[in-house]
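Protein chains in written order, with my numbering: chain G, 1 to 261; chain F, 262 to 516; chain D, 517 to 796.
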Amino acid sequence: MIDNKLKRSNWHIWFFLIAIVLFTYGSAAITQFNVVEGMITLPDALLWMLSNLFVTGESLAKLPIILAALFETIFTSIAATVFGAIIALFLGLFGSSKTMINKPLMLFSRFVASLSRNIPVVVWALVLLLSFGQNSVTGFLALFVGSTGFLTRAFIESIDEAGDKSIEGLQATGATYFQIVFKGVLPQCLPQVISWILFMVETNIRNATLIGILTGTGIGYVFDIYYKMLNYNVISLITLCIVVAVIVIDVCSNHVRKVIL
Amino acid sequence: MIPLLQVNKVEKFYNEETKVLKDISFEVYPGEFISIIGPSGAGKSTLLRCINRMVNFNQGTILFDEQNIGQLNKKELRKVRTKIGMIFQHYNLVPRLSVLENVLHGRFGYKTTLQGIFNRYTQKEKERAFFLLEKLGIEEHAYKRCDQLSGGQQQRVGICRALIQEPSLILCDEPIASLDPNSSKIIMDYLKMISSELGIAVVVNLHQVEVAQHYSDRIIGLNKGNIVFNNRSAALTNVEIQNIYSSNMQDLIMI
Amino acid sequence: MVQAMENNPPRKRHIPLRKYSRADIYIRVMLLIFTLSTIFAFFIFNYKGFELKTAIVDTLSNIKIMILEPGLSHFSWGEAFYQIGITVGLAFLSTIIGAVIALGLALMAATNLSNEWLSKIVRMVMAFIRAVPTVLWVLIFAISAGLGSEAAVLGMLLHSVAYLVKAFSEAFEEMDSGIIEALRASGANWWHIIIHAVIPTTFTYLLSWVFLRFEINFGVAVAMGAAAGAGGIGFELFMASSFYFDLREAGMITYFILIIAILLEITSTQLKKRFFPAKA
Numbered sequence: 001m002i003d004n005k006l007k008r009s010n011w012h013i014w015f016f017l018i019a020i021v022l023f024t025y026g027s028a029a030i031t032q033f034n035v036v037e038g039m040i041t042l043p044d045a046l047l048w049m050l051s052n053l054f055v056t057g058e059s060l061a062k063l064p065i066i067l068a069a070l071f072e073t074i075f076t077s078i079a080a081t082v083f084g085a086i087i088a089l090f091l092g093l094f095g096s097s098k099t100m101i102n103k104p105l106m107l108f109s110r111f112v113a114s115l116s117r118n119i120p121v122v123v124w125a126l127v128l129l130l131s132f133g134q135n136s137v138t139g140f141l142a143l144f145v146g147s148t149g150f151l152t153r154a155f156i157e158s159i160d161e162a163g164d165k166s167i168e169g170l171q172a173t174g175a176t177y178f179q180i181v182f183k184g185v186l187p188q189c190l191p192q193v194i195s196w197i198l199f200m201v202e203t204n205i206r207n208a209t210l211i212g213i214l215t216g217t218g219i220g221y222v223f224d225i226y227y228k229m230l231n232y233n234v235i236s237l238i239t240l241c242i243v244v245a246v247i248v249i250d251v252c253s254n255h256v257r258k259v260i261l
Numbered sequence: 262m263i264p265l266l267q268v269n270k271v272e273k274f275y276n277e278e279t280k281v282l283k284d285i286s287f288e289v290y291p292g293e294f295i296s297i298i299g300p301s302g303a304g305k306s307t308l309l310r311c312i313n314r315m316v317n318f319n320q321g322t323i324l325f326d327e328q329n330i331g332q333l334n335k336k337e338l339r340k341v342r343t344k345i346g347m348i349f350q351h352y353n354l355v356p357r358l359s360v361l362e363n364v365l366h367g368r369f370g371y372k373t374t375l376q377g378i379f380n381r382y383t384q385k386e387k388e389r390a391f392f393l394l395e396k397l398g399i400e401e402h403a404y405k406r407c408d409q410l411s412g413g414q415q416q417r418v419g420i421c422r423a424l425i426q427e428p429s430l431i432l433c434d435e436p437i438a439s440l441d442p443n444s445s446k447i448i449m450d451y452l453k454m455i456s457s458e459l460g461i462a463v464v465v466n467l468h469q470v471e472v473a474q475h476y477s478d479r480i481i482g483l484n485k486g487n488i489v490f491n492n493r494s495a496a497l498t499n500v501e502i503q504n505i506y507s508s509n510m511q512d513l514i515m516i
Numbered sequence: 517m518v519q520a521m522e523n524n525p526p527r528k529r530h531i532p533l534r535k536y537s538r539a540d541i542y543i544r545v546m547l548l549i550f551t552l553s554t555i556f557a558f559f560i561f562n563y564k565g566f567e568l569k570t571a572i573v574d575t576l577s578n579i580k581i582m583i584l585e586p587g588l589s590h591f592s593w594g595e596a597f598y599q600i601g602i603t604v605g606l607a608f609l610s611t612i613i614g615a616v617i618a619l620g621l622a623l624m625a626a627t628n629l630s631n632e633w634l635s636k637i638v639r640m641v642m643a644f645i646r647a648v649p650t651v652l653w654v655l656i657f658a659i660s661a662g663l664g665s666e667a668a669v670l671g672m673l674l675h676s677v678a679y680l681v682k683a684f685s686e687a688f689e690e691m692d693s694g695i696i697e698a699l700r701a702s703g704a705n706w707w708h709i710i711i712h713a714v715i716p717t718t719f720t721y722l723l724s725w726v727f728l729r730f731e732i733n734f735g736v737a738v739a740m741g742a743a744a745g746a747g748g749i750g751f752e753l754f755m756a757s758s759f760y761f762d763l764r765e766a767g768m769i770t771y772f773i774l775i776i777a778i779l780l781e782i783t784s785t786q787l788k789k790r791f792f793p794a795k796a
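As structure tokens, then:
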């Protein structure tokens with residue numbers, strides 16, 4: 001009996017491994033990814049990067065433009081996340097089995113979250129581009145829609161985790177739904193909520209770069225311009241600025257998380 | 262004397278096969294201390310939660326203070342719940358808030374939604390909270406977060422929260438199941454004091470038969486959803502115990 | 517005798533509800549920062565070409581068309597599947613290669629499995645890689661490798677590796693140290709411990725992360741197609757919306773993407789259930 005089971009699980013593993021190898025070959029074929037070329041490219045690219053991507057005095061002159069664009073991107077990210085969080089809180093309350101108001105709303109909320117999460121932010125950006133045009137609002141909205149979905153799912157989990165017993169306790173005292181939510185559920189999950197918001201802001205800053213290229217705003221747009229001009233030094237500077245910004249925010253977030261969680 | 266609580270032929274089932282409570286009838290008088298004992302799955306928790314309608318029952322009536330619990334709408338139900346306090350095995354506090362805040366949560370039933378949300382507690386209520394904390398011996402922890410307290414201390418916070426409601430009945434769902442023997446004695450002593458000194462009726466779910474015998478005026482034995490014993494605690498003999506738990510005495514742990 | 521409120525012993529002072537700890541201050545400050553930043557953001561927006569009313573009406577009607585009247589015009593269904601295949605292929609390649617590389621690096625990064633200096637260096641490099649948005653990596657690689665699948669895979673690879681290293685090393689570190697201790701005490705060497713204790717213990721967790729990364733990489737591959745010339749369905753979407761302004765095609769493509777994403781999610785859940793039922 002045990003022998004059979006072992007044999008079966010071995011078979012499983014082999015089957016799995018072979019499937020993976022096949023898929024890998026298939027993917028390489030369909031994408032015309034030449035493995036050898038890919039492997040050569042890496043050190044090639046690294047060498048090229050080391051010799052070409054550095055900051056010169058000239059490029060430093062562009063720093064004000066870069067910083068202005070970077071600030072716009074950061075603030076857009078925060079704003080989109082905050083709006084998303086507010087909506088997500090409502091949807092989260094509807095969607096959690098503990099605080100839900102009725103079943104249809106709960107299913108609707110989870111459906112919206114799933115929809116928003118499974119469609120990449122890029123898609124939202126391109127769709128909104130058609131009607132809102134190439135300006136900051138488009139970028140903001142694309143990030144907003146993406147954030148709402150992700151945060152709703154995250155909040156539903158936080159509420160489920162935090163609320164359970166406190167809700168029962170408060171129900172027994174005769175509290176109303178809103179009293180239970182505001183004084184029982186929210187205080188308990190507020191630190192987690194803030195932690196998720198911080199995470200979303202970081203993610204959005206990275207997404208904003210991508211979206212900026214498409215919607216012509218923020219740091220992505222600036223990068224695109226100088227990329228097309230083949231001005232590698234400025235590109236290096238921009239990349240450096242982004243890295244610094246992201247790392248600073250990352251460090252601050254971790255510190256805040258340590259204190260409040 | 263008019264009974265405070267009248268449970269009459271109450272039944273609870275989830276579907277045709279699983280009947281959790283069958284033909285439950287008993288009465289509770291003001292100031293009585295009643296223990297409900299029985300094996301796991303007998304329906305003790307469900308029964309307790311039917312009394313304040315945290316769980317809906319399918320048949321029968323429950324009269325609390327001559328009000329028909331089954332017929333109340335949401336608003337009336339909340340008002341009735343202010344008169345019934347409840348204590349839980351896992352305390353059910355809001356861990357991140359302070360002891361004082363958790364105790365004051367017991368006053369929500371008396372407030373409007375907005376008053377509750379914005380912490381508009383009267384000076385009297387706050388003083389009352391401190392008075393209760395003092396009586397239960399945890400006044401010094403008033404500003405600590407609840408998750409910093411031990412199990413026994415948290416349960417006492419739960420008791421204060423129930424008491425500040427000024428209830429006439431307190432339901433206790435296995436209040437000492439998560440506590441060590443020392444804290445358990447402290448909690449049971451306080452519950453006894455509530456019923457004898459403050460005249461509040463207390464109904465407790467317990468696993469420990471000897472604890473029930475020691476503290477209660479009356480004992481109700483539940484087995485598979487039926488009441489198999491309902492009498493003064495002195496009348497609980499070994500035969501009756503075996504009846505309730507459907508097993509021999511030597512198979513039961515007696516603390 | 518029931519105690520009433522009136523019988524309280526009197527207390528004179530004002531009674532606060534809680535003592536404010538450092539955590540409370542941080543929380544309030546964070547909320548303040550969020551609110552102010554949001555308001556500030558709206559002041560520095562560039563509103564060129566933006567009119568609220570027409571924009572909202574337009575968007576709603578656009579979405580309606582996209583949802584209700586999808587249809588392809590610039591390429592056939594067969595081609596569509598081919599493009600999807602490219603995008604999925606890109607995602608798969610970067611995930612699988614990334615996972616293999618990440619495994620090795622994570623072993624170096626875990627503090628309980630390797631020495632302090634090596635672990636620090638690996639972590640810092642990973643953090644740096646994570647800080648650069650994927651699209652920038654791909655574009656940078658495209659400079660020397662040209663716009664195409666090599667650059668895309670390499671760029672996506674870097675991020676996959678970086679995130680997986682973080683996840684894997686955390687899994688290794690959270691392992692019960694007793695297991696490692698026991699094997700060390702019996703004389704096993706480092707490789708023995710890795711292969712026979714660490715990997716089996718954390719395997720399902722690692723696998724979950726790889727699947728998750730695959731799903732994420734699909735979205736990233738779409739994005740790279742749109743913004744960095746990597747081809748695939750993302751590129752088609754970009755063309756449909758920015759070049760041809762063809763709503764119906766954009767709608768159709770969006771449906772494709774949504775369906776594939778859901779399929780991936782379901783497949784990975786099913787695979788996990790059937791082949792590795794002892795899921796963490």
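Beta carbons: idealized from backbone N, C-alpha and C, even for Gly.
Values in this document were obtained by computation on a predicted structure and should not be read as measured data.
Is residue i near residue j, with beta carbons less than 9 Å apart?
{"i": "N233(G)", "j": "V55(G)", "result": "yes"}
{"i": "A777(D)", "j": "S610(D)", "result": "no"}
{"i": "A208(G)", "j": "G216(G)", "result": "no"}
{"i": "F759(D)", "j": "N135(G)", "result": "no"}
{"i": "R257(G)", "j": "S158(G)", "result": "no"}
{"i": "L655(D)", "j": "T41(G)", "result": "no"}
{"i": "A571(D)", "j": "V137(G)", "result": "yes"}
{"i": "T81(G)", "j": "I197(G)", "result": "yes"}
{"i": "S456(F)", "j": "G412(F)", "result": "no"}
{"i": "A291(G)", "j": "A678(D)", "result": "The requested residue 291(G) does not occur in the structure, where chain G is confined to residues 1 to 261."}
{"i": "R534(D)", "j": "E362(F)", "result": "yes"}
Would you mind working out which of the options sits nearest residue i, comparing C-alpha positions?
{"i": "P120(G)", "options": "I101(G), K103(G) and F150(G)", "result": "F150(G)"}
{"i": "I514(F)", "options": "E471(F), N491(F) and V500(F)", "result": "E471(F)"}
{"i": "I612(D)", "options": "N733(D), I543(D) and Y721(D)", "result": "N733(D)"}
{"i": "S665(D)", "options": "N204(G), A80(G) and A28(G)", "result": "A28(G)"}
{"i": "A423(F)", "options": "D441(F), E288(F) and V364(F)", "result": "V364(F)"}
{"i": "P104(G)", "options": "E161(G), L91(G) and I260(G)", "result": "L91(G)"}
{"i": "P64(G)", "options": "Y227(G), I238(G), S253(G) and D164(G)", "result": "I238(G)"}
{"i": "S77(G)", "options": "W48(G), Q171(G), E161(G) and G139(G)", "result": "G139(G)"}
{"i": "V418(F)", "options": "L430(F), E401(F) and S429(F)", "result": "E401(F)"}
Give the DSSP bridge partners of residue i, in chain order.
{"i": "L483(F)", "result": "I488(F)"}
{"i": "I345(F)", "result": "L430(F)"}
{"i": "T406(F)", "result": "Residue identity check: residue 406(F) is Arg in the sequence provided, not Thr. DSSP lists S359(F) as partners of R406(F)."}
{"i": "R493(F)", "result": "R479(F)"}
{"i": "S296(F)", "result": "V465(F) and I480(F)"}
{"i": "I20(G)", "result": "Paired residues: none, contrary to the question."}
{"i": "K273(F)", "result": "L282(F)"}
{"i": "L266(F)", "result": "V289(F) and F325(F)"}
Taking 6 Å as the limit between beta carbons, can you name the residues of its chain near residue i, skipping five residues before and five after?
{"i": "A496(F)", "result": "none"}
{"i": "M517(D)", "result": "Here the model assigns M517(D) a pLDDT of 32, short of 50, so the residue's position is not dependable, and the following value carries that caveat. Excluding residues within five positions, none has a Cβ falling inside 6 Å."}
{"i": "A622(D)", "result": "V681, F684 and S685"}
{"i": "S675(D)", "result": "In the sequence on display, residue 675(D) carries His and not Ser. For H675(D), where only same-chain residues beyond five positions count, the Cβ hits under 6 Å are T650."}
{"i": "E501(F)", "result": "F490"}
Considering only residues of the same chain and omitting the five flanking positions on each side of residue i, which have a CB-CB separation below 7 Å?
{"i": "N319(F)", "result": "E272, K273 and F274"}
Exercise. Mind listing which residues of the segment 133-150 of chain G have their C-beta closer than 8 Å to chain F's C-betas, in chain order?
Worked result: From the segment 133-150 of chain G, no residue has a Cβ closer than 8 Å to chain F.
Exercise. Mind listing which residues of the segment 528-543 of chain D have their C-beta closer than 7 Å to chain F's C-betas, in chain order?
Worked result: Answer in chain order: I531, L533, R534 and K535.
Problem set entry | Under 9 Å (Cβ pairs) to chain G, residues found in the segment 629-649 of chain D | A643, F644, R646, A647, V648 and P649
Exercise. If contact means a Cβ-Cβ distance below 7 Å, which residues of the segment 48-61 of chain G contact chain D?
Worked result: W48 and M49
For this session: With 7 Å as the C-beta to C-beta threshold (strictly closer), list the residues of the segment 323-356 of chain F near chain G in chain order.
Result: R339, K340, R342, T343, M347, F349, H351, N353, L354, V355 and P356
Exercise. Taking a cut of 8 Å between CB atoms, which residues from the segment 10-27 of chain G lie near chain D?
Worked result: Per Cβ criterion, the list reads H12, F16, I20, F23, T24, G26 and S27.
Problem set entry | Near-chain D residues of the segment 202-221 of chain G (beta-carbon distance less than 7 Å), N- to C-terminal order | R206, T209, L210, I213, L214 and T217
For this session: Could you run through the segment 290-315 of chain F and flag, in chain order, every residue whose CB is less than 7 Å away from some CB of chain G?
Result: N313 and M315
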